[in-house]
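Engineer: What follows is a structure written as structure tokens; I'll ask about it next.
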Amino acid sequence: MKIRFAVCMALLLQGLAFAGERAWAADALPKVRLFTTGGTIQSRASNRDKLMEYNDGPRVTPSELIADLPELAAVADVSYTEISNVGSGNIDTDKLLALARSVNAWLAQPDAAGAVVTHGTATLEETAYFLNLVIRSAKPVVVVGAMHPFSAISRDGPMNLYNSVRVAASREAAGQGVMVLLNDEIDAARDVTKNNTYRVDTFVSRDLGPIGFADSDRIVFYRRSLKRHTSASEFDVGNLKALPKVDIVYGYQEADRAAIDALIAAGARGIVLDDGATAFRDAVRDGQAKGAVFVQSDRKGSGRVLLSQAAAARGVVTADNLNAQKSRVLLRLALTKTSDPKEIQRMFNEY
Ligand code: ASP
Numbered sequence: 301m302k303i304r305f306a307v308c309m310a311l312l313l314q315g316l317a318f319a320g321e322r323a324w325a326a327d328a329l330p331k332v333r334l335f336t337t338g339g340t341i342q343s344r345a346s347n348r349d350k351l352m353e354y355n356d357g358p359r360v361t362p363s364e365l366i367a368d369l370p371e372l373a374a375v376a377d378v379s380y381t382e383i384s385n386v387g388s389g390n391i392d393t394d395k396l397l398a399l400a401r402s403v404n405a406w407l408a409q410p411d412a413a414g415a416v417v418t419h420g421t422a423t424l425e426e427t428a429y430f431l432n433l434v435i436r437s438a439k440p441v442v443v444v445g446a447m448h449p450f451s452a453i454s455r456d457g458p459m460n461l462y463n464s465v466r467v468a469a470s471r472e473a474a475g476q477g478v479m480v481l482l483n484d485e486i487d488a489a490r491d492v493t494k495n496n497t498y499r500v501d502t503f504v505s506r507d508l509g510p511i512g513f514a515d516s517d518r519i520v521f522y523r524r525s526l527k528r529h530t531s532a533s534e535f536d537v538g539n540l541k542a543l544p545k546v547d548i549v550y551g552y553q554e555a556d557r558a559a560i561d562a563l564i565a566a567g568a569r570g571i572v573l574d575d576g577a578t579a580f581r582d583a584v585r586d587g588q589a590k591g592a593v594f595v596q597s598d599r600k601g602s603g604r605v606l607l608s609q610a611a612a613a614r615g616v617v618t619a620d621n622l623n624a625q626k627s628r629v630l631l632r633l634a635l636t637k638t639s640d641p642k643e644i645q646r647m648f649n650e651y
């Protein structure tokens, strides 16, 4: 009951928080800061028809991204901070923490309207969900990528970036948590996943659908997440220098316990099981005896993992409908607060 009251209050505050932050003058362009990390949206190839193995041209800088879109001048006053210029496989804890701190510092400025983050699409959903849990503002944050490089015929990056700035500058986007925008679609960071290796419509929110669209007449939203995020989150990266090691183990026919044992020996404080296997049972018990926390996710990629009494009795946390990579993000942050599975289950129910 106490927890439910706290969550209701947090969600209410989350809804109200932006009201106090609407500080930019009505006649001035909203100030949007672009935080660049790299990815295909900042990649270039030697030929316009090269849509794979395209990193043979110089990488695209933040100022080139902005100069390429003169239309932005009518939408927002855009500035930038470069965090990195790497593929998303190279985004590590240091970069995540630097990004989160920079976005928080920007949004804390009264006249900042919103933030846009460029990112490679492969791990984009992980960074987006991480930010969703640690950004301490209700102002809009949009994570954007592209499937075609900057140099391609019919590249998708510029329209995605243009639309992301429109969303970050829009008042309707406040309180929506961190959003992901590609292909005109606005998805909640918690729900969205990369669904296709190659097509431009790769990002989908399988269980719940998009929350809105960036169409040419206006930005339109249809729903709001009831999960805790951003200004209602309990997680704080302000003083963190590192995050606990958490890994993912895939379940399949005849999977044995070797991977779990090896990861625990390598220092994992948590493991997300992406589906199960009979041989995992003993490894989980032994891992728990060493203090590790296990979260049960599922490789199907949509649907909830239900909270069974058997799993609860074994002290295994269930992931609800978070996929394994998102579960890993939440478990790492949860472990900065506690290693009590009951308390961590509470977090998986709320975020
Ligand atoms: N390899 C790229 C990455 O950085 C893929 C992309 O951005 O679409 O994730």
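If you want this note's numbering, it's the position in the sequence shown, counting the first as 1, plus 300.
Idealized CB from N, CA, C, for every residue including glycine.
So V444 and N460 are supposed to be a Cβ contact under 8 Å. How far apart are they, rounded?
Structural biologist: 5 Å
Engineer: Determine the direct distance from the alpha carbon of L563 to that of G387, and round the result to whole angstroms.
Structural biologist: Approximately 25 Å between the Cα atoms of the pair.
Engineer: Excluding the five sequence neighbours on either side, which residues of its own chain have a C-beta within less than 6 Å of the C-beta of L372, listed in chain order?
Structural biologist: V378 and V465
Engineer: Can you find a heavy atom of the ligand ASP that lies under 8 Å from the Cβ of M447?
Structural biologist: At least one heavy atom of the ligand ASP lies less than 8 Å from the C-beta of M447.
Engineer: Let me know if K439 comes out buried or exposed under the rule of 16 or more other beta-carbons within 10 Å of its beta-carbon.
Structural biologist: buried
Engineer: With respect to the alpha helix (DSSP H) encompassing A413, which residues constitute its N-terminal and C-terminal limits?
Structural biologist: From DSSP, A413 is part of no alpha helix (DSSP H) but of the beta strand (DSSP E) over A412 to T418.
Engineer: Looking only at C-alpha atoms, which of P458, G538 and R436 sits nearest to A446?
Structural biologist: P458
Engineer: Are the CB atoms of N621 and S608 nearer to each other than 9 Å?
Structural biologist: no
Engineer: Measure the CB-CB distance between F335 and E382 and report whether it falls below 9 Å.
Structural biologist: yes
Engineer: Mind reading off the beta-carbon distance from N404 to R436? Whole number of angstroms is fine, and I expect it under 8 Å.
Structural biologist: 6 Å
Engineer: Touch check for the region 480-487 and the region 506-517: three-plus C-beta pairs under 8 Å?
Structural biologist: yes
Engineer: Contact defined as beta carbons within less than 8 Å: I believe A452 pairs with L351. What is the distance between those atoms, to the nearest angstrom?
Structural biologist: 6 Å
Engineer: With hydrogens ignored, establish whether the beta-carbon of L365 is closer than 8 Å to any heavy atom of the ligand ASP.
Structural biologist: no
Engineer: For the structure I just gave you, are there three or more beta carbon pairs, one from the region 608-617 and one from the region 625-644, closer than 8 Å?
Structural biologist: yes
Engineer: Residues in its own chain within less than 8 Å of A398 by CB, not counting five upstream and five downstream?
Structural biologist: I383
Engineer: How close, in whole Å, do the beta carbons of A583 and R557 come, if the pair is a contact with beta carbons under 8 Å?
Structural biologist: 4 Å
Engineer: Taking the straight line between their C-alpha atoms, what separation do you get for P449 and K545?
Structural biologist: 33 Å
Engineer: Pairing CB atoms from the region 566-577 with CB atoms from the region 546-553, are three or more of them under 8 Å?
Structural biologist: yes
Engineer: What did DSSP end up calling T530 once you bin it into helix, strand or coil?
Structural biologist: Reduced to three states, the DSSP call for T530 is helix.
Engineer: Only counting the same chain, and skipping five residues up and downstream in sequence, which positions put a Cβ closer than 8 Å to that of A400?
Structural biologist: F430, L431, V434, I435 and V537
Engineer: Rounded to a whole number of angstroms, what is the C-alpha to C-alpha distance between V568 and G338?
Structural biologist: The residue you asked about is not Val; residue 568 is Ala in the sequence shown. Going from the Cα of A568 to the Cα of G338 covers about 28 Å.
Engineer: Name the residue from S531, A474, R499 and T502 whose alpha carbon lies nearest to the alpha carbon of R523.
Structural biologist: Checking every option, the nearest Cα to that of R523 belongs to A474.
Engineer: Would a C-beta distance cut-off of 9 Å place L424 and V480 closer than the cut-off?
Structural biologist: yes
Engineer: Taking 9 Å as the threshold (C-beta atoms), are A624 and R599 in contact?
Structural biologist: yes
Engineer: Taking only runs that begin and end inside the region 413-452, name each unbroken beta strand (DSSP E) of 3 or more residues, in chain order.
Structural biologist: As summarised for the region 413-452, the continuous beta strand (DSSP E) elements at least 3 residues long and confined to that stretch are 441-444, given in chain order.
Engineer: So, helix, strand or coil for S379, using DSSP?
Structural biologist: strand
Engineer: Can you pull the DSSP bridge partners for G475?
Structural biologist: Answer is none; G475 lacks a bridge partner.
Engineer: Taking the continuous alpha helix (DSSP H) assigned at S464, which residues delimit it?
Structural biologist: G457 to A468
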